[in-house]
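The structure appears below as structure tokens.
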Amino acid sequence: MRTEYAYIKCMSNKIKKYKVGIVGLGNQSINDHTPSLLKRKDLEIVAVCDINEQKRGNFFIKFPELANKVKVYENYSSLLENEKIDIAIVAVPHDQYPEIITEFCEKHIYFMKEKPFARNKEETKKLLSIPNIKKYCFVCSQRRYSSLYQRAFKE
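The sequence shown begins at 14 in the working numbering and counts up one residue at a time.
Next up, the structure:
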């Protein structure tokens, strides 16, 4: 029994690390998403991308400890071509989501997309028609408990 306990305890210390890619390095990614990811023992940021060169550079200024660990790409297509990721944070301007999340669904990669899910009814229908969107997409509403949002919801 002692041996079984020791084996179980040893095996429980082995945590699978899921590889994460971040698409879009704006304020939300820098100030919210990345710090949250870094607190998790089961997640490892392996790649980031942004079309803006300054934002790519700012990422490593804010997180210098990741400079030799994380690969940086100019666009999500290059990231997907060169990296094997399990999960993605997609934080881009709303008009860029449809193309990006379609490709993530096609590649069977789970991703978190920022709110809103869509900008209008037509876009909602288009996004919901993407095969497996309900399986792979998680919509983040990180401010729903903010007093400002709560007050607006009541009014």
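Glycine included, C-beta positions come from ideal geometry on N, C-alpha and C.
Would you report the Cα separation of residue i and residue j, rounded to the nearest angstrom?
| i | j | result |
| --- | --- | --- |
| K22 | K97 | Confidence at K22 is low in this model, with a pLDDT of 46, below 50, so the placement of that residue should be treated as unreliable; the coordinate-derived value is given next. About 30 Å. |
| I114 | G39 | 18 Å |
| S49 | I28 | 18 Å |
| T137 | D63 | 25 Å |
| L93 | V59 | 12 Å |
| L51 | L79 | 10 Å |
| G70 | D55 | 26 Å |
| N88 | N65 | 9 Å |
| K30 | N133 | 36 Å |
| V105 | S91 | 16 Å |
| R53 | S160 | 27 Å |
| R164 | D108 | 28 Å |
| K82 | K167 | 45 Å |
Excluding the five sequence neighbours on either side, which residues of its own chain have a C-beta within less than 7 Å of the C-beta of residue i, listed in chain order?
| i | result |
| --- | --- |
| V152 | K126, K128, F130 |
| C150 | I114, F124, K126 |
| Q41 | A104, E127 |
| K68 | L38, G39 |
| F76 | T47 |
Do residue j and residue i have their beta-carbon atoms positioned less than 8 Å apart in this structure?
| i | j | result |
| --- | --- | --- |
| C100 | Y123 | According to the sequence provided, residue 100 is Ile. The question's Cys does not apply to it. Contact: yes. |
Assuming residue i contacts residue j under a Cβ cut-off of 8 Å, what Cβ separation, rounded to an integer in Å, is found between them?
| i | j | result |
| --- | --- | --- |
| F72 | I102 | About 12 Å; that fails the 8 Å criterion. |
| E57 | V33 | 6 Å |
| K147 | P111 | In fact, because the Cβ distance is near 16 Å, the residues do not count as touching under 8 Å. |
Excluding the five sequence neighbours on either side, which residues of its own chain have a C-beta within less than 8 Å of the C-beta of residue i, listed in chain order?
| i | result |
| --- | --- |
| N95 | A60, K84, Y86 |
Please work out which residues of its chain come closer than 6 Å, Cβ to Cβ, to residue i, disregarding the five sequence neighbours upstream and downstream, and give them in chain order.
| i | result |
| --- | --- |
| H46 | I102 |
Worksheet entry | Touching by the beta-carbon criterion (3+ pairs, under 8 Å), the segment 102-119 and the segment 139-146 | yes
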